[in-house]
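Asks: Using the numbering used here, the first residue of the sequence shown is number 4, and each one after it goes up by one.
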Amino acid sequence: MKNNNDKEVSRRNMWSGILFGVGLIAFIDETVFHQLLRWHHFYDKSTTDIGLISDGIFHAFSWFATIAGLFLFADLRRRNGLIFQRWLGGVLLGIGVFQLYDGLIQHKWMRIHQIRYVDNVIVYDIVWNVSAFIILFIGLFLLFRKSQNSKLKEKTANE
């Protein structure tokens with residue numbers, strides 16, 4: 004059975020990954036869809052100037068999340084507590100949750116922006132949300148799958 008310190012290290016790996024994943028996907032979203040492709044702004048229900056300001060705030064948020072995740076990552080490395088599979092699972096979970104939140108809540112429920120303003124937006128929505136579910140489930144799988152190292156540790160502890 005894991006002690007409290009093992010649970011805390013495991014939790015910190017997950018949260019470091021989640022923060023980094025949210026920051027990374029928000030940065031990619033803002034860079035690719037907002038700046039390079041110019042498909043939308045974070046907030047499209049006002050003027051272009053307000054849209055650009057909202058993009059700047061969104062960009063700052065993405066960097067704060069990324070840097071917070073990397074600070075936790077560095078602390079885990081310093082303490083020899085990095086569990087890469089768990090951290091990577093957290094990254095993918097953060098990416099999937101963010102993308103699903105963006106696709107369902109911001110695009111469809113709040114309607115603050117769409118992926119792209121075209122007649123057949125449903126194709127973009129399906130690709131966006133299905134890929135979010137796939138990434139999210141891979142992250143959950145990695146988070147809750149027992150690694151070979153933990154199986155070996157449990158086996159040796161029980162002997």
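Even glycine gets a Cβ: it sits at the ideal position worked out from N, Cα and C. A quick note: this is a predicted structure, and the numbers were derived from the prediction, not measured.
1. Under a three-way DSSP split, which group does Arg89 fall into?
2. Could you tell me the alpha carbon to alpha carbon distance between Gly20 and Ile125, rounded to whole angstroms?
3. Which residue marks the beginning of the alpha helix (DSSP H) containing Asn7, and which one marks its end?
4. Roughly how far, in whole angstroms, is the beta-carbon of Gly142 from the beta-carbon of Gly92, given that I think they are within contact range, below 8 Å?
5. Does the count of Cβ pairs from the region 32-39 and the region 82-92 closer than 8 Å reach three?
6. What do you get for Asn172, buried or exposed, if any count of 16 or more other CB atoms within 10 angstroms of its CB means buried?
7. Determine the DSSP secondary structure at Leu40, reduced to helix, strand or coil.
8. Distance, Cα to Cα, Leu75 vs Tyr127?
9. Start and end of the alpha helix (DSSP H) containing Tyr46?
10. Given Asn132, which residues of its chain have a CB within under 7 Å of its CB, disregarding the five upstream and five downstream residues?
11. How about Leu139 and Val100: do their beta carbons lie closer than 8 Å?
12. In the structure shown, what three-state DSSP assignment does Val121 receive?
13. Whose C-alpha, out of Asn16, Gly24, Ser65, is nearest the C-alpha of Phe147?
14. At a Cβ threshold of 8 Å, is Gly20 touching chain C?
15. Spatial neighbours of Thr69 within its chain, please: CB distance less than 7 Å, with the 5 preceding and 5 following residues excluded, ordered by chain position.
16. On the premise that His43 lies in contact with Arg119, defined as a C-beta separation below 8 Å, what is that separation, rounded to the nearest angstrom?
Replies: Short version:
1. helix
2. 31 Å
3. 7-32
4. 5 Å
5. no
6. No statement about residue 172 is possible, as the shown extent of the chain runs from 4 to 162 and does not include it.
7. coil
8. 34 Å
9. Looking at the DSSP string, Tyr46 is not in any alpha helix (DSSP H), and its letter there is neither H nor E.
10. Leu103, Gly106, Leu107
11. yes
12. coil
13. Asn16
14. This model lacks chain C altogether; it includes just one protein chain.
15. Phe23, Gly26, Leu27, Phe30
16. 7 Å
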